[in-house]
Amino acid sequence: MTPSVAPLRELPAGTLLARLHLTTGAHPMAWNSWRTHGPLAIGRFDHHPRHGVIYAALASERRVDPLTQCLAEVFQRDRTITLQRATPTFTLFELARDTTLLDLRSTFEPTLARTSTQQWAREAFASTRAADGVLYPSALIGGPGVHPAATGVCLWRRRASCLPPRPLFSRPLIDPALRGAVERAAHELDFLLVA
Numbered sequence: 001m002t003p004s005v006a007p008l009r010e011l012p013a014g015t016l017l018a019r020l021h022l023t024t025g026a027h028p029m030a031w032n033s034w035r036t037h038g039p040l041a042i043g044r045f046d047h048h049p050r051h052g053v054i055y056a057a058l059a060s061e062r063r064v065d066p067l068t069q070c071l072a073e074v075f076q077r078d079r080t081i082t083l084q085r086a087t088p089t090f091t092l093f094e095l096a097r098d099t100t101l102l103d104l105r106s107t108f109e110p111t112l113a114r115t116s117t118q119q120w121a122r123e124a125f126a127s128t129r130a131a132d133g134v135l136y137p138s139a140l141i142g143g144p145g146v147h148p149a150a151t152g153v154c155l156w157r158r159r160a161s162c163l164p165p166r167p168l169f170s171r172p173l174i175d176p177a178l179r180g181a182v183e184r185a186a187h188e189l190d191f192l193l194v195a
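Under full-length UniProt numbering, think of the first position of the sequence shown as 1, with each following residue one higher.
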């Protein structure tokens with residue numbers, strides 16, 4: 001898989017994205033903060049240390065509940081959703097402008113080692129100036145014989161203008177308004193839920 005063979009796909013302004021970010025703890029993040037610490041072991045397309053990323057779910061596809069997808073990605077390591085530790089917060093926002101992404105959904109193997117995908121991301125970032133980031137299939141939601149894979153988005157900070165001034169929705173997972181949805185997602189994913 002080389003960056004030059006990945007097709008470009010434009011997501012129009014107004015495309016709905018969802019993300020789960022930690023708002024307290026060692027590395028607190030606002031809904032629109034670009035993560036620059038890392039690369040992290042679970043960060044599939046982290047190409048740091050000098051460049052920020054935002055991971056999100058392509059919520060406008062509606063193949064999978066975006067909250068479920070975000071929970072699966074963030075809590076994949078120990079399969080335990082913690083409602084209070086580091087104050088995980090679910091946010092929905094629309095792209096502020098047309099955004100061009102490298103589309104890996106038909107060419108990418110979701111189970112590749114993170115070291116390989118991170119190296120690919122460094123090469124893609126350096127060689128593909130037209131791209132604002134990457135579209136990729138989720139390794140955790142969907143796949144052959146199940147249902148179409150959910151789509152993940154990794155945005156690169158060099159195109160920060162794709163973020164709107166404010167989100168459509170942003171609440172911590174502990175919020176009673178999200179409790180039922182979080183419980184359903186935990187059950188669907190077979191993840192432990194800790195208050």
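Glycine included, C-beta positions come from ideal geometry on N, C-alpha and C.
Keep in mind it's a predicted model, so treat the numbers as computed, not measured.
To the nearest angstrom, report how far apart residue i and residue j are at their CA atoms.
{"i": "Ala18", "j": "Ala57", "result": "5 Å"}
{"i": "Gln69", "j": "Ala126", "result": "29 Å"}
{"i": "Ala186", "j": "Arg129", "result": "39 Å"}
{"i": "Gly25", "j": "Asp190", "result": "26 Å"}
{"i": "Tyr173", "j": "Thr89", "result": "According to the sequence displayed, residue 173 carries Leu and not Tyr. Computed Cα separation, rounded: 6 Å."}
{"i": "Glu10", "j": "Arg35", "result": "23 Å"}
{"i": "Gly52", "j": "Thr100", "result": "17 Å"}
{"i": "Glu94", "j": "Ala59", "result": "10 Å"}
{"i": "Glu188", "j": "Arg79", "result": "12 Å"}
{"i": "Ser106", "j": "Val134", "result": "13 Å"}
{"i": "Arg158", "j": "Phe169", "result": "24 Å"}
{"i": "residue 264", "j": "Arg171", "result": "This structure does not reach residue 264, given that the chain is present from 1 up to 195, and the question cannot be answered."}
{"i": "His27", "j": "Ile54", "result": "14 Å"}
{"i": "Ala86", "j": "Met29", "result": "10 Å"}
{"i": "Pro176", "j": "Arg184", "result": "14 Å"}
{"i": "Glu61", "j": "Arg50", "result": "31 Å"}
{"i": "His21", "j": "Leu178", "result": "15 Å"}
{"i": "Arg149", "j": "Asp98", "result": "The question names Arg, yet the displayed sequence has Ala at residue 149. Distance between the alpha carbons of Ala149 and Asp98: 23 Å."}
{"i": "Asp65", "j": "Trp156", "result": "24 Å"}
{"i": "Leu160", "j": "Ser33", "result": "First, the residue type needs correcting, since residue 160 is Ala and not Leu in the sequence shown. Going by the C-alpha atoms only, they are around 10 Å apart."}
{"i": "Gly14", "j": "Arg122", "result": "28 Å"}
{"i": "Thr23", "j": "Arg63", "result": "27 Å"}
For residue i, which residues does DSSP report across the bridge?
{"i": "Asp103", "result": "Leu135"}
{"i": "Ser170", "result": "Thr91"}
{"i": "Gly152", "result": "Ala57, Tyr136"}
{"i": "Leu20", "result": "Phe90"}
{"i": "Val194", "result": "Thr82"}
How close, in whole Å, do the beta carbons of residue i and residue j come, if the pair is a contact with beta carbons under 8 Å?
{"i": "Pro164", "j": "Trp31", "result": "The Cβ separation is near 10 Å, so there is no contact."}
{"i": "Leu67", "j": "Ile81", "result": "Actually they do not touch by this definition, with Cβ atoms about 11 Å apart."}
{"i": "Gln76", "j": "Ala195", "result": "At roughly 20 Å, the Cβ-Cβ gap does not stay under 8 Å, so Gln76 and Ala195 are not in contact."}
{"i": "Ala6", "j": "Asp103", "result": "6 Å"}
{"i": "Ala96", "j": "Cys154", "result": "Not confirmed; about 17 Å, so no contact."}
{"i": "Leu92", "j": "Leu16", "result": "6 Å"}
{"i": "Val182", "j": "Leu192", "result": "Wrong, their Cβ atoms sit about 12 Å apart, outside the cutoff."}
Given a threshold of 16 other Cβ atoms within 10 Å of its Cβ, counted over all protein chains shown, does residue i qualify as buried or as exposed?
{"i": "Gly180", "result": "exposed"}
{"i": "Thr151", "result": "buried"}
{"i": "Val74", "result": "buried"}
{"i": "Pro137", "result": "buried"}
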